[in-house]
Amino acid sequence: DQQVKQNSPSLSVQEGRISILNCDYTNSMFDYFLWYKKYPAEGPTFLISISSIKDKNEDGRFTVFLNKSAKHLSLHIVPSQPGDSAVYFCAARAPGTSGSRLTFGEGTQLTVNP
Amino acid sequence: ETGVTQSPTHLIKTRGQQVTLRCSSQSGHNTVSWYQQALGQGPQFIFQYYREEENGRGNFPPRFSGLQFPNYSSELNVNALELDDSALYLCASSLVAGGTGELFFGEGSRLTVL
Chain A
15 DQQVKQNSPS
25 LSVQEGRISI
35 LNCDYTNSMF
45 DYFLWYKKYP
55 AEGPTFLISI
65 SSIKDKNEDG
75 RFTVFLNKSA
85 KHLSLHIVPS
95 QPGDSAVYFC
105 AARAPGTSGS
115 RLTFGEGTQL
125 TVNP
Chain B
14 ETGVTQSPTH
24 LIKTRGQQVT
34 LRCSSQSGHN
44 TVSWYQQALG
54 QGPQFIFQYY
64 REEENGRGNF
74 PPRFSGLQFP
84 NYSSELNVNA
94 LELDDSALYL
104 CASSLVAGGT
114 GELFFGEGSR
124 LTVL
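Line order of the protein sequences matches chains A and B.
Going by this note's numbering, the first sequence opens with residue 15, and the numbers climb by one from there.
Going by this note's numbering, the second sequence opens with residue 14, and the numbers climb by one from there.
(1) Listed from N- to C-terminal order along the chain, which residues in the stretch 96-108 of chain A have their beta-carbon within a distance smaller than 7 Å of any beta-carbon of chain B?
(2) Tell me the DSSP secondary structure of GLY97(A) in three-state form.
(3) Between which residues of its own chain and ALA93(B) is the CB-CB distance below 7 Å, once the five residues before and five after are set aside?
(4) Would you kindly report the start and end of the unbroken beta strand (DSSP E) that includes ALA100(B)?
(5) Pick out whichever of ASN68(B), ARG64(B) and SER122(B) has its Cα sitting closest to the Cα of ARG115(A).
(6) For GLN95(A), which of LEU89(A), GLY57(A) and ILE32(A) has the nearest alpha-carbon?
(7) Say whether the stretch 43-57 of chain B touches the stretch 99-108 of chain B, bearing in mind that this needs 3 or more beta-carbon pairs closer than 8 Å, one atom from each stretch.
(8) Could you check whether the Cβ of GLU72(A) sits closer than 8 Å to any Cβ belonging to chain B?
(9) Quick one: is GLY57(A) near chain B, going by C-beta distance under 8 Å?
(10) Can a CB atom of chain A be found closer than 8 Å to the CB of GLU120(B)?
(11) Tell me whether GLN81(B) is buried or exposed, calling it buried when 16 or more other Cβ atoms sit within 10 Å of its Cβ.
And the structure:
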């Protein structure tokens, strides 16, 4: 039962353009959503999060949008930079669970070409 | 401020053996969680420790066990290794057990079971 899904295993964009990474979920009880970024041979690093009571959160070049009715969230990176090339994981937390119990998607490999 | 460190980084075991993986939490963090990341998949929650007690567990059998020590370092033990246990094992620390999912991950221990 894959409660968090990232249907695109990979995405390639040109430097300076927008990158849009998508994530779908099935559990309507999730109350917090996060994006993590992972470089090879490193652990995932936290990027940005959004509470289920909001529909948008912005942090510099990164914006996360949440559409609860569609059970869909997306991460926008603009402008994209070559250093953004990494695997991006969408993750979600259900209320009543420990704060570090996250359900992750499969990840999307983003490649930003110079 | 030191980050999360894990050891060993790579190891090879044979089926039926036992393995112990170690994690040193980020300074000041009192909660540690362990995740298993199989090839091509997102991390899967194994369990969480807070104040030396397990307080959350994912869908993993009892042969996966852990410890958290007074200095907040942690161990993951896996008994009776199976081929499917081959994966990257990630340790993550956070400040509080009921936080919002912002975890600090180590670089992982890659286990290969032959």
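C-beta: ideal position from N, C-alpha, C; glycine also.
The short version:
(1) Within the stretch 96-108 of chain A, PHE103, ALA105 and ARG107 place their CB atoms closer than 7 Å to a CB of chain B, listed in sequence order.
(2) Translated into positions along the first sequence, residue 97(A) becomes position 83. It is helical.
(3) As a first step, residue 93(B) is located in the second sequence; it is residue number 80 there, counting from the start. Closer than 7 Å at Cβ, skipping near neighbours: GLY29 and ARG76.
(4) Locating residue 100(B) in the second sequence gives position 87, where the first residue counts as 1. Per DSSP, ALA100(B) belongs to the beta strand (DSSP E) from 100-107.
(5) Counting from one through the first sequence, the residue named residue 115(A) turns up at place 101. The shortest Cα separation from ARG115(A) among ASN68(B), ARG64(B) and SER122(B) belongs to ASN68(B).
(6) Within the first sequence, the letter at position 81 stands for residue 95(A). The option with the nearest alpha carbon to GLN95(A) is ILE32(A).
(7) Touching, yes.
(8) Position 58 of the first sequence, counted from the start, is the residue given in the question as residue 72(A). Not closer than 8 Å to any Cβ of chain B, the Cβ of GLU72(A) fails to qualify, so no.
(9) Mapped onto the first sequence, residue 57(A) falls at position 43. Yes - at least one Cβ of chain B is within 8 Å of the one on GLY57(A).
(10) Along the second sequence, read from residue 1 onward, the residue named residue 120(B) stands at position 107. Closer than 8 Å to some Cβ of chain A, the Cβ of GLU120(B) qualifies, so yes.
(11) One-based indexing of the second sequence puts residue 81(B) at position 68. By the 10 Å Cβ count, GLN81(B) comes out buried.
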